[in-house]
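Undergrad:
Residue numbers (the UniProt record's numbering): 1 to 373.
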């Protein structure tokens, strides 16, 4: 089966975050099972010559042009738009990682016009919104696509309810729950040396990286030699993170390396004692799944889509938002026995509930049903 995965943006800094990682994981998994999966996206920040594959997945990347001051939603490529019809016609099925933007919406519409089997996966990016642009896009494209797709993949009950609200009227009959998966990883070495606490995600307001910084003094009171790493591409919060580190006088305790490659993220995870993502209303974060797969206990807030799984498995801690809860959870997981138990539970949770094999076993029947119409 020839499957085209379309996602908004791929860049060396991984600025678009989880949806690209999901698309690549799915494409690699499909290829391992004998299917011809490829990636279509905007590209930005690559040196010449541009890559024609990403992590072994054939990729067609078009230089991004920012035509509106709307972040990712304002990016497009005339060349991609001109090629969309041909690219979808070459596929047996089109899988679009849908957002309200000028990349995935046109590609999905092209697939609908061409009569190609269409699967949409929204990653929590399409939810009810009072913003004018969202209302316009919903009226002219999003509702038509959600109603016309052969399948709409959602992560959580909250996301499903949001999609139904965007469509209006009867609930989507084509909605299918598909969790994110993560490839199996080698277990991290037993933690050694000073405690190392890691945040590795985009630096944006919803992810609350400043809460991570503000949790540090309480951790340092019990572990004066602890080290903290704030890694990830800046989406508006880097200056606040640096300012808070400076205000607390913790410049020698923090490392802020910026965006990391996939290999560098894995290396940081293997050194970490605890992984922290203080974000609120996070649907299903890939960074947390990657930490669990390596065996790093995770601290998340109760509104995180993985919070119940982590708490039930003992793979980390789920806390109320804010630095106090984060600090208390980190301290509990720095106990060697607690850390070892949570590490083992984390790997078991990742392998049993979020393996790529389990995800593909759910996805492939969806593809087959879409092709049958």
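Cβ atoms here follow ideal geometry from the backbone N, Cα and C, with glycine treated the same way. Here the structure is a predicted model, which is why all the values come from computation and not from measurement.
How far does the beta strand (DSSP E) with residue 42 in it extend, from its first residue to its last?
TA: Here residue 42 is taken as the residue at index 42 of the chain shown, counted from 1. Run containing residue 42: 36–43, per the beta strand (DSSP E) assignment.
Undergrad: Under DSSP, the beta strand (DSSP E) around residue 197 begins and ends at which residues?
TA: Translated into the one-based positions of the chain shown, residue 197 becomes position 197. It spans 196–200 - the beta strand (DSSP E) in which residue 197 sits, taken as one unbroken run.
Undergrad: Which partner residues does residue 318 have in the DSSP bridge list?
TA: Residue numbering aside, residue 318 sits at position 318 when the chain shown is read from its first letter. Beta-bridge pairing links residue 318 to 300.
Undergrad: Cα separation between residue 64 and residue 5?
TA: As a position in the chain shown, residue 64 is number 64, starting the count at 1. As a position in the chain shown, residue 5 is number 5, starting the count at 1. If you take the alpha carbons of residue 64 and residue 5, they lie about 17 Å apart.
Undergrad: Under a Cβ-count criterion, where at least 16 other Cβ atoms within 10 Å of its own Cβ denotes burial, should residue 317 be classed as buried or exposed?
TA: The sequence position of residue 317 within the chain shown is 317, counting from 1. Looking at its Cβ environment, which holds 16 or more other Cβ atoms inside 10 Å, residue 317 is buried.
Undergrad: To the nearest angstrom, report how far apart residue 52 and residue 342 are at their CA atoms.
TA: By one-based count along the chain shown, residue 52 stands at place 52. By one-based count along the chain shown, residue 342 stands at place 342. Taking the straight line joining both Cα atoms gives about 40 Å.
Undergrad: For residue 250, name the three-state secondary structure that DSSP assigns.
TA: Within the chain shown, residue 250 is the residue found at index 250, counting from 1. Looking at residue 250 - three-state DSSP - the assignment turns out to be coil, as it is neither helix nor strand.
Undergrad: Helix, strand or coil for residue 355 per DSSP?
TA: Translated into positions along the chain shown, residue 355 becomes position 355. Here residue 355 sits in strand by DSSP.
Undergrad: Can you tell which of 44, 178, 205, 101 has the C-alpha that lies nearest to the C-alpha of residue 70?
TA: In the chain shown, counting from the first residue as 1, residue 70 sits at position 70. With distances taken between Cα atoms, residue 70 lies closest to 101.
Undergrad: Just curious, the alpha helix (DSSP H) that residue 208 is in, first and last residue?
TA: Walking along the chain shown from the start, residue 208 turns up at place 208. No alpha helix (DSSP H) contains residue 208, which DSSP labels as neither H nor E.
Undergrad: Beta-carbon separation of residue 235 and residue 202 under 7 Å?
TA: For this step, residue 235 is matched to residue 235 along the chain shown. For this step, residue 202 is matched to residue 202 along the chain shown. Yes, the pair counts as a contact, with Cβ atoms nearer than the cut-off.
Undergrad: Please list the terminal residues of the continuous beta strand (DSSP E) segment that includes residue 182.
TA: In the chain shown, the residue the question calls residue 182 occupies position 182. That residue, residue 182, is in no beta strand (DSSP E); it is neither H nor E in DSSP.
Undergrad: If you draw a straight line from the C-alpha of residue 374 to the C-alpha of residue 241, how long is it?
TA: Because the chain here runs from 1 to 373, residue 374 falls outside it and cannot be looked at.
Undergrad: Name the residue from 267, 347, 299, 186 whose alpha carbon lies nearest to the alpha carbon of residue 274.
TA: Taking the first residue of the chain shown as 1, we reach residue 274 at position 274. Checking every option, the nearest Cα to that of residue 274 belongs to 299.
Undergrad: Can the beta-carbon of residue 27 be found less than 7 Å from the beta-carbon of residue 7?
TA: Within the chain shown, numbered from 1, the residue matching residue 27 stands at position 27. Within the chain shown, numbered from 1, the residue matching residue 7 stands at position 7. No. Outside cutoff.
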